[in-house]
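Asks: Read in order, the letters of the sequence shown correspond to residues 27 to 121 in this note's numbering.
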Amino acid sequence: APIASQLRLLRHFRGLSQVELSRKVKLAQPEFVRLEKKGSNPRTDTLERIAKGLGARVELIPEKLIPFIAARQLRAHGEAYFQRVAISDRAITHA
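#1: Please report the distance separating the alpha-carbon of ILE95 from that of ILE87.
#2: Would DSSP call GLU57 helix, strand or coil?
#3: Which whole-angstrom value describes the C-beta separation of GLU62 and ARG34, a residue pair presumed to lie in contact below a C-beta threshold of 8 Å?
#4: Among GLU74, SER66, GLU105, which one has its Cα closest to the Cα of VAL51?
#5: May I ask you to verify whether the segment 99-113 touches the segment 66-83, counting CB pairs closer than 8 Å and requiring at least 3?
#6: So for PRO93, helix, strand or coil by DSSP?
#7: Measuring CA to CA, which of LEU53, ALA82, LYS64 is closest to PHE39?
Take a look at the structure:
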């Protein structure tokens, strides 16, 4: 996916508005509007700053590997979610 889409999706995933993230990384909010538009081309240092604010990192990944990496991450998040549910179910049952 283009960088603009990835930034927007990760920001939403983290539950942050453009204003909240702009304050967190000390970047003007109108800059986020520009960066999240299709065809944006952020500078490397800006991208790294935003990634850090989102708890992410900038990586170069061959396009053919992206679906496999995404599937692996989704599986890991799913397994962690079900482990948390199982732990909370046990806590409720034993209460």
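Backbone N, C-alpha and C define an ideal beta-carbon position, used for all residues, glycine too.
Replies: Reading it off the structure:
#1: About 9 Å.
#2: Note: GLU57 maps to helix in three-state DSSP.
#3: Correct: roughly 5 Å between the Cβ atoms.
#4: Ranked by Cα distance from VAL51, the options GLU74, SER66, GLU105 are led by GLU74.
#5: Touching, no, given that fewer than three Cβ pairs across the two stretches are closer than 8 Å.
#6: PRO93 falls in the helix class under three-state DSSP.
#7: Per the Cα distances, ALA82.
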